[in-house]
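> Protein chains in written order, with this note's numbering: chain S, 444 to 699; chain B, 444 to 699.
A virtual CB, placed ideally from N, CA and C, is assigned to each residue, including glycine.
I have a structure I would like to understand better, so I am pasting it below and will then ask my questions one at a time.
Number of protein chains: 2
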Amino acid sequence: MSSAAEPSGLPHISQANAAGAEEATDPGEARPGNGRPLPEATIARLPVYLRALYTLAERGVGTVASDELAAAAGVNSAKLRKDLSHLGSYGIRGVGYDVDYLVYQVSRALGLTQKWPVVIVGAGNLGRALANYGGFVSRGFRILAVLDANAEVVGREIGGVTVRHVSDLEEVVAEGSVAIGVIAVPASAAQAVCDRMVAAGVTSILNFAPLVLTVPEGVDVRKVDLSIELQILAFHAQRRFAERVGQVPGSAAAEV
Amino acid sequence: MSSAAEPSGLPHISQANAAGAEEATDPGEARPGNGRPLPEATIARLPVYLRALYTLAERGVGTVASDELAAAAGVNSAKLRKDLSHLGSYGIRGVGYDVDYLVYQVSRALGLTQKWPVVIVGAGNLGRALANYGGFVSRGFRILAVLDANAEVVGREIGGVTVRHVSDLEEVVAEGSVAIGVIAVPASAAQAVCDRMVAAGVTSILNFAPLVLTVPEGVDVRKVDLSIELQILAFHAQRRFAERVGQVPGSAAAEV
DNA sequence: CCGACTTTGTGCATTCGTTCACAAACAACG
DNA sequence: CGTTGTTTGTGAACGAATGCACAAAGTCGG
Numbered sequence: 444m445s446s447a448a449e450p451s452g453l454p455h456i457s458q459a460n461a462a463g464a465e466e467a468t469d470p471g472e473a474r475p476g477n478g479r480p481l482p483e484a485t486i487a488r489l490p491v492y493l494r495a496l497y498t499l500a501e502r503g504v505g506t507v508a509s510d511e512l513a514a515a516a517g518v519n520s521a522k523l524r525k526d527l528s529h530l531g532s533y534g535i536r537g538v539g540y541d542v543d544y545l546v547y548q549v550s551r552a553l554g555l556t557q558k559w560p561v562v563i564v565g566a567g568n569l570g571r572a573l574a575n576y577g578g579f580v581s582r583g584f585r586i587l588a589v590l591d592a593n594a595e596v597v598g599r600e601i602g603g604v605t606v607r608h609v610s611d612l613e614e615v616v617a618e619g620s621v622a623i624g625v626i627a628v629p630a631s632a633a634q635a636v637c638d639r640m641v642a643a644g645v646t647s648i649l650n651f652a653p654l655v656l657t658v659p660e661g662v663d664v665r666k667v668d669l670s671i672e673l674q675i676l677a678f679h680a681q682r683r684f685a686e687r688v689g690q691v692p693g694s695a696a697a698e699v
Numbered sequence: 444m445s446s447a448a449e450p451s452g453l454p455h456i457s458q459a460n461a462a463g464a465e466e467a468t469d470p471g472e473a474r475p476g477n478g479r480p481l482p483e484a485t486i487a488r489l490p491v492y493l494r495a496l497y498t499l500a501e502r503g504v505g506t507v508a509s510d511e512l513a514a515a516a517g518v519n520s521a522k523l524r525k526d527l528s529h530l531g532s533y534g535i536r537g538v539g540y541d542v543d544y545l546v547y548q549v550s551r552a553l554g555l556t557q558k559w560p561v562v563i564v565g566a567g568n569l570g571r572a573l574a575n576y577g578g579f580v581s582r583g584f585r586i587l588a589v590l591d592a593n594a595e596v597v598g599r600e601i602g603g604v605t606v607r608h609v610s611d612l613e614e615v616v617a618e619g620s621v622a623i624g625v626i627a628v629p630a631s632a633a634q635a636v637c638d639r640m641v642a643a644g645v646t647s648i649l650n651f652a653p654l655v656l657t658v659p660e661g662v663d664v665r666k667v668d669l670s671i672e673l674q675i676l677a678f679h680a681q682r683r684f685a686e687r688v689g690q691v692p693g694s695a696a697a698e699v
């Protein structure tokens, strides 16, 4: 239903595919879709585009112009075009982008055409939220195991898998060739879990614990801090109030 | 409270305070600690510094050099110094920064010297995780209410407050002069909750639902997407694997 | 009181990211 | 087949952020 219908309107797809620009190094080309560094800022936005594209596809939209997609993703249209241009030339001038095709290209660029096995350590509220999170389970990732140190929760089922004890970490990583680990434990336990992950061979770690992890060279750590964004929000709110009142905040909320 | 003792070692504090650079517009000065725009990138890092500072303070550290603090926060020391210099000149050359004093200054810059009342909508796993999250409750924020549409969870206690029905949203916002709202509901319900928050007078919204919210001018929305970081991680993991195998990206490997 | 030493704060160069504005490319239509 | 209209892809100007490297400013020991 989505956008599989609309075969006649997409001559460029077969063309682009037939052109052989898919995998092989395109000689004479400015190698746009292949071995270009791909700016970090662009990488950070691709997931947003991807989500917007999925939404459009579900709604049955077959083709989308950069203006519309940009609006749906909440960015400038010029920025969107430049971002996508780094992946390659996948649009049709005068028409726009084919939604399904772009979904595929963005997914491929992000490395989501395969399903990455993920292990989550920590089955507290956050770990449970992650395991049940749509964006995790759906495209690109497969939760191989959820681990916890608390014997209380071991054995329960969360997000389709049964919680195992954290002592199984090395075993799980080895068995499933897990490269991505998610840390959703309290800050006090995070570094230890991290060390064990690294020792077991995990090379990419997503850290939700509020502390800076120390890892050896070659291991990629990204952190999501639930409170940092809130603090940034507070900063802007304060500034807005200060402007309005002409004073430091305090009149509005502090007295209550 | 840890390093509150150390009165003799801080001659500069009284000096800085006495200098009157605290609140009033300092004439002739380049107004460093006052009405300077304060770069967005700096704002985003201040919470990280603040956390590192709290950790140091708990450990009883009274003074810290930019190198150490930078290491604890995971950034370059030059960057740290430049960031802090935007707040004012709060270090002592040859010594470093007083931890407690810097905690206060960073908190003040972020607007966290007061406790912002926050309302959380959505008492699922994520909402519960947020309500129990240390960084939320501790300094700077006070969870005024947790709301949910599910009658099942209404009445339960989460993070020190009793869950109320989402229909009380307007009432809660008005009563508590709430300026910050957190959305932790499924994507399908998020825009509706957002609209009601805005209508009730909330001007800062932290969105955990995986969609782009539409808000009128003057409302500040920030989003935390739990899966975006994971996807960025996947990208780098893919690139690393591809390099190792000598597949797709050839330029990166060739450059090294 | 002075000289050696340490660490901050910042001017400057460079890199990275954003935005504008427009030519090239394509579809649509007569 | 040519003309018109639309939208992409990108060169170029601009702005923001990073990192270097060093002078200024302070401490500390004698």
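What did DSSP end up calling Pro480/S once you bin it into helix, strand or coil?
As a first step, residue 480/S is located in the first sequence; it is residue number 37 there, counting from the start. Coil at Pro480/S, not helix or strand.
> Less than 8 Å separating the beta-carbons of Thr498/B and Gly539/B?
Within the second sequence, residue 498/B is the residue found at index 55, counting from 1. Within the second sequence, residue 539/B is the residue found at index 96, counting from 1. No, Cβ-Cβ distance for Thr498/B and Gly539/B is not below 8 Å.
> What are the residues that DSSP puts in a beta bridge with Ile486/B?
As a position in the second sequence, residue 486/B is number 43, starting the count at 1. Ile486/B pairs with nothing; no bridge assigned.
> So is Leu612/B in contact with chain S if we call contact Cβ pairs under 8 Å?
For the purposes of this step, residue 612/B is taken as residue 169 along the second sequence, with counting starting at 1. Output row for Leu612/B: interface = no.
> Just the chain S side, please: which residues come within less than 7 Å of Asn575/B by C-beta, in chain order?
To locate residue 575/B, count along the second sequence from 1; it is residue 132. Asn568, listed in chain order.
> With DSSP collapsed to three states, give me the class of Arg647/B.
If you number the second sequence from 1, residue 647/B lands on position 204. The question names Arg, but residue 647/B in the sequence shown is Ser. Strand.
> Give the DSSP bridge partners of Pro629/S, in chain order.
By 1-based counting over the first sequence, the position of residue 629/S is 186. Note: Pro629/S sits in no beta bridge, so no partner.
> Taking the alpha-carbon positions, what's the Gly537/B to Ala515/B distance?
Numbered from 1 along the second sequence, position 94 holds the residue referred to as residue 537/B. Numbered from 1 along the second sequence, position 72 holds the residue referred to as residue 515/B. For Gly537/B and Ala515/B, the distance between alpha carbons rounds to 20 Å.
> Decide if the region 622-638 of chain B is in contact with the region 556-571 of chain B; the criterion is three or more beta carbon pairs, one per stretch, under 8 Å apart.
Contact between the region 622-638 of chain B and the region 556-571 of chain B is present, because at least three Cβ pairs lie under 8 Å.
> Using beta carbons (cut-off 8 Å, strictly below), is Ser572/S in contact with chain B?
One-based indexing of the first sequence puts residue 572/S at position 129. Note on residue identity: the sequence assigns Ala, not Ser, to residue 572/S. Interface residue, yes.
> What are the complete beta strand (DSSP E) segments, minimum 3 residues, inside the region 551-592 of chain S?
List check, beta strand (DSSP E) in window: 559-564, 584-591.
> As a quick exercise: from Gly534/S, Ser631/S, Val589/S, Cys637/S, pick the residue whose alpha carbon is nearest that of Pro659/S.
Indexing the first sequence from 1 puts residue 659/S at position 216. Answer by Cα proximity: Cys637/S.
> Given this structure, state the Cα-to-Cα distance separating Glu511/B from Leu496/S, to the nearest angstrom.
Within the second sequence, numbered from 1, the residue matching residue 511/B stands at position 68. Within the first sequence, numbered from 1, the residue matching residue 496/S stands at position 53. So the alpha carbons of these two residues sit roughly 44 Å apart.
> Using beta carbons (cut-off 8 Å, strictly below), is His608/S in contact with chain B?
To locate residue 608/S, count along the first sequence from 1; it is residue 165. Output row for His608/S: interface = no.
> Hey, Gln548/S and Leu569/S are a contact pair by Cβ (cut 8 Å); roughly how many whole angstroms apart?
As a working mapping, residue 548/S is identified with position 105 in the first sequence. As a working mapping, residue 569/S is identified with position 126 in the first sequence. Not a contact, Cβ separation roughly 32 Å.
> Grab me the residues of Leu590/S's own chain with a C-beta within less than 8 Å of its C-beta, minus the 5 sequence neighbours each way, in chain order.
Counted from its first residue, the first sequence places residue 590/S at position 147. So the qualifying residues of the chain are Val562, Ile563, Val564, Gly565, Ala566, Val606, Arg607, His608, Val609, Asp611, Leu612, Val615.
> Go ahead and pull the three-state DSSP assignment for Gly537/B.
Within the second sequence, the letter at position 94 stands for residue 537/B. Looking at Gly537/B - three-state DSSP - the assignment turns out to be coil, as it is neither helix nor strand.
> Could you give the distance in angstroms between the alpha-carbon of Thr647/B and the alpha-carbon of Phe684/S?
Within the second sequence, residue 647/B is the residue found at index 204, counting from 1. Within the first sequence, residue 684/S is the residue found at index 241, counting from 1. Position check: residue 647/B holds Ser in this sequence, whereas Thr was assumed. When rounded, the distance between both Cα atoms is 11 Å.
> Is the distance from the Cβ of Gly578/S to the Cβ of Leu669/B below 8 Å?
Taking the first residue of the first sequence as 1, we reach residue 578/S at position 135. Taking the first residue of the second sequence as 1, we reach residue 669/B at position 226. It is a contact, given that the beta carbons lie within the stated cut-off.
> Across which residues does DSSP place Val507/S in a beta bridge pair?
As a first step, residue 507/S must be located in the first sequence, where it is residue number 64. Val507/S is bridged to Tyr540/S.
> Listing by chain order, which chain B residues have their CB less than 9 Å from the CB of Gly583/S?
Translated into positions along the first sequence, residue 583/S becomes position 140. Near Gly583/S (Cβ distances below 9 Å), the residues of chain B are Ser670, Leu673, Gln674, Ala677.
> Is Trp489/B near Ala552/B, with beta carbons less than 8 Å apart?
Position 46 of the second sequence, counting from 1, holds the residue named residue 489/B. Position 109 of the second sequence, counting from 1, holds the residue named residue 552/B. This sequence places Leu at residue 489/B; Trp is not what is there. Cβ distance < 8 Å, so Leu489/B and Ala552/B count as in contact.
> For Arg665/S, which residues does DSSP report across the bridge?
Reading the first sequence from its first residue, position 222 is the one you call residue 665/S. Partner(s): Leu649/S.
> Is the shortest distance between the beta-carbon of Asp510/B and the beta-carbons of chain S less than 8 Å?
One-based indexing of the second sequence puts residue 510/B at position 67. Not closer than 8 Å to any Cβ of chain S, the Cβ of Asp510/B fails to qualify, so no.
> Val616/B by DSSP, collapsed to three states: which one?
Here the question's residue 616/B lines up with position 173 in the second sequence. Note: Val616/B maps to helix in three-state DSSP.
> Name the residues in the region 551-564 of chain B whose C-beta lies less than 7 Å from a C-beta of chain S; which are they?
Against chain S - using a Cβ distance shorter than 7 Å - the residues of the region 551-564 of chain B are Leu553, Gly554, Leu555, Gln557, Trp559, Pro560.
> Counting only C-beta atoms, is Gln681/S closer than 8 Å to chain B at any point?
The residue labelled residue 681/S in the question sits at position 238 within the first sequence. So, interface residue.
> Considering only the alpha carbon of each residue, which of Ala487/B, Ala677/B, Arg479/B lies closest to Gly583/S?
Taking the first sequence and counting its residues from 1, the one referred to as residue 583/S is at position 140. It is Ala677/B whose Cα lies nearest to the Cα of Gly583/S.
> Beta-carbon of Ile623/B versus every beta-carbon of chain S: anything under 8 Å?
By one-based count along the second sequence, residue 623/B stands at place 180. Interface residue, yes.
> In chain B, which residues lie with their C-beta within 8 Å of the C-beta of Thr646/S?
On the first sequence, residue 646/S is found 203 positions in, with the first residue counted as 1. Under the 8 Å cutoff, chain B gives Ala680, Arg683.
> Excluding the 5 residues flanking Leu555/B on each side, which residues of the same chain have their C-beta closer than 7 Å to its C-beta?
Counted from its first residue, the second sequence places residue 555/B at position 112. Around Leu555/B: Arg582, Gly583.
> Use the C-beta contact count for Pro653/B: other C-beta atoms within 10 angstroms, 16 or more gives buried, fewer gives exposed.
Within the second sequence, numbered from 1, the residue matching residue 653/B stands at position 210. Classification for Pro653/B: buried.
> With distance defined between alpha-carbon atoms, name the residue in Arg682/B, Leu493/B, Val664/B nearest to Tyr544/B.
Here the question's residue 544/B lines up with position 101 in the second sequence. Nearest option by C-alpha distance: Leu493/B.
> Measuring only between beta-carbons, confirm whether Leu649/B sits less than 8 Å from chain S.
Residue numbering aside, residue 649/B sits at position 206 when the second sequence is read from its first letter. Cβ-Cβ to chain S under 8 Å: yes for Leu649/B.
> At the level of alpha carbons, what is the spacing between Phe651/B and Arg665/B?
Mapped onto the second sequence, residue 651/B falls at position 208. Mapped onto the second sequence, residue 665/B falls at position 222. Whole-angstrom Cα-Cα distance: 9 Å.
> Anything in chain S within Cβ reach of Ile486/B, meaning under 7 Å, just list it in chain order.
Here residue 486/B refers to the residue found at position 43 of the second sequence. The contacting residues are Ile675, Phe678.
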